[in-house]
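Reviewing the structure listed below.
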Amino acid sequence: DVKVTQSSRYLVKRTGEKVFLECVQDMDHENMFWYRQDPGLGLRLIYFSYDVKMKEKGDIPEGYSVSREKKERFSLILESASTNQTSMYLCASSTMGGEGTEAFFGQGTRLTVV
Amino acid sequence: QKEVEQDPGPLSVPEGAIVSLNCTYSNSAFQYFMWYRQYSRKGPELLMYTYSSGNKEDGRFTAQVDKSSKYISLFIRDSQPSDSATYLCAIRRSGYALNFGKGTSLLVTP
Numbered sequence: 193d194v195k196v197t198q199s200s201r202y203l204v205k206r207t208g209e210k211v212f213l214e215c216v217q218d219m220d221h222e223n224m225f226w227y228r229q230d231p232g233l234g235l236r237l238i239y240f241s242y243d244v245k246m247k248e249k250g251d252i253p254e255g256y257s258v259s260r261e262k263k264e265r266f267s268l269i270l271e272s273a274s275t276n277q278t279s280m281y282l283c284a285s286s287t288m289g290g291e292g293t294e295a296f297f298g299q300g301t302r303l304t305v306v
Numbered sequence: 079q080k081e082v083e084q085d086p087g088p089l090s091v092p093e094g095a096i097v098s099l100n101c102t103y104s105n106s107a108f109q110y111f112m113w114y115r116q117y118s119r120k121g122p123e124l125l126m127y128t129y130s131s132g133n134k135e136d137g138r139f140t141a142q143v144d145k146s147s148k149y150i151s152l153f154i155r156d157s158q159p160s161d162s163a164t165y166l167c168a169i170r171r172s173g174y175a176l177n178f179g180k181g182t183s184l185l186v187t188p
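So the sequences go chain by chain: A and B.
Counted the way my numbering counts, the first sequence spans residues 193 to 306.
Counted the way my numbering counts, the second sequence spans residues 79 to 188.
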């Protein structure tokens, strides 16, 4: 069974902290993504990666960075957490090529910054 | 203009009803169209996908794409309480990332 695992379901962090959100996939997928989901705004793409050590900015990269040192692992880093980064964070992965490039999602991490 | 527009609802229907969920999009170059279902406190999961125009059917679900009007639809026949969820339309943009609509919340009442 395919799996995308996010390290935490719920996190509470203080303003100014450096926060790491971890995501691991076991499907040998090339592509990995980080989205955030907010009421009334839907899912918005933060960063994505097509390969190890590769990264591309999505639509809302400000205040975030990412790391992909291994193919199966994609980390989202909040350099200095702020209250407007309180959100549900969703990691996804997909393979390359063809029509059926379904993105598989993790369960999400609900981050609260206080 | 947002690339994918979706009415957030909420939509409430009685069990057994036919449900119609819709999205519009702005970029005529899009080719891959998807519907995801998201239950409360879960990640989205793929329900249907369609390449280019046309219909695709899977059990009680039918996905429809009209590229001339930039309109995508999901129909649910004989809706069940277990269909209660948020439905997200998504379009694959250049590369493999997805643009999502805001999602429509559906409640099917027994």
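Backbone N, C-alpha and C fix where the C-beta goes; we use that ideal spot for every residue, glycine too.
Bear in mind the structure is a predicted one, so any value in this text is a computation, not a measurement.
Excluding the 5 residues preceding and the 5 following Y350 (chain A) in the sequence, name in chain order all residues of the same chain whose CB lies nearer than 7 Å to its CB. The shown model of chain A, from 193 to 306, leaves out residue 350 (chain A), and the question about it has no answer.
With DSSP as the reference, label D161 (chain B) as helix, strand or coil. In this structure, DSSP gives D161 (chain B) a helical state, which the three-state scheme calls helix.
Local Cβ density within 10 Å of M288 (chain A), reported as buried at 16 or more and exposed below that: exposed
List in chain order: all unbroken beta strand (DSSP E) runs of 3+ residues lying wholly within the segment 140 to 188 of chain B. The DSSP assignment places complete beta strand (DSSP E) segments of no fewer than 3 residues inside the segment 140 to 188 of chain B at 149 to 154, 163 to 170, 176 to 178, 182 to 187, in order along the chain.
Excluding the 5 residues flanking T304 (chain A) on each side, which residues of the same chain have their C-beta closer than 6 Å to its C-beta? Result list for T304 (chain A): V204, T278, in chain order.
Proximity test, Cβ basis, 8 Å: E123 (chain B) and chain A: yes
Check each candidate in A:G298, A:E214, A:E271, A:A295 and name the one with the smallest Cα separation from V207 (chain A). In the sequence as displayed, the identity of residue 207 (chain A) is Thr instead of Val. The shortest C-alpha separation from T207 (chain A) is found at A:E271.
For S228 (chain A), does the count of other Cβ atoms within 10 angstroms reach 16, so buried, or fall short, so exposed? Per the sequence shown, residue 228 (chain A) should be read as Arg rather than Ser. With 16 or more other Cβ atoms within 10 Å, it is buried.
N-terminal and C-terminal residue of the beta strand (DSSP E) that F108 (chain B) is part of: For F108 (chain B), there is no enclosing beta strand (DSSP E), as DSSP gives it neither H nor E.
Provide the residue span of the beta strand (DSSP E) that contains A295 (chain A), from first to last. Looking at the DSSP string, A295 (chain A) is not in any beta strand (DSSP E), and its letter there is neither H nor E.
contact_flag[the segment 254 to 269 of chain A, the segment 89 to 96 of chain B] where n(CB pairs < 8 Å) is 3 or more: With the cut-off at 8 Å, the segment 254 to 269 of chain A and the segment 89 to 96 of chain B do not touch.
Kindly indicate which residue of B:G121, B:T102, B:D144 has the alpha-carbon position closest to the one of Y129 (chain B). Measuring from the Cα of Y129 (chain B), the nearest candidate turns out to be B:D144.
Within chain A, the residues that A95 (chain B) reaches when beta carbons sit closer than 7 Å: Residues of chain A with a Cβ closer than 7 Å to the Cβ of A95 (chain B) do not exist; the shortest Cβ-Cβ separation is about 25 Å.
Simplified DSSP assignment, three categories, for T304 (chain A): strand
Beta-carbon of N276 (chain A) versus every beta-carbon of chain B: anything under 8 Å? no
Contact check, Q362 (chain A) vs V196 (chain A) under 8 Å by CB: the rounded distance? The structure shown has nothing for residue 362 (chain A), since chain A only spans 193 to 306.
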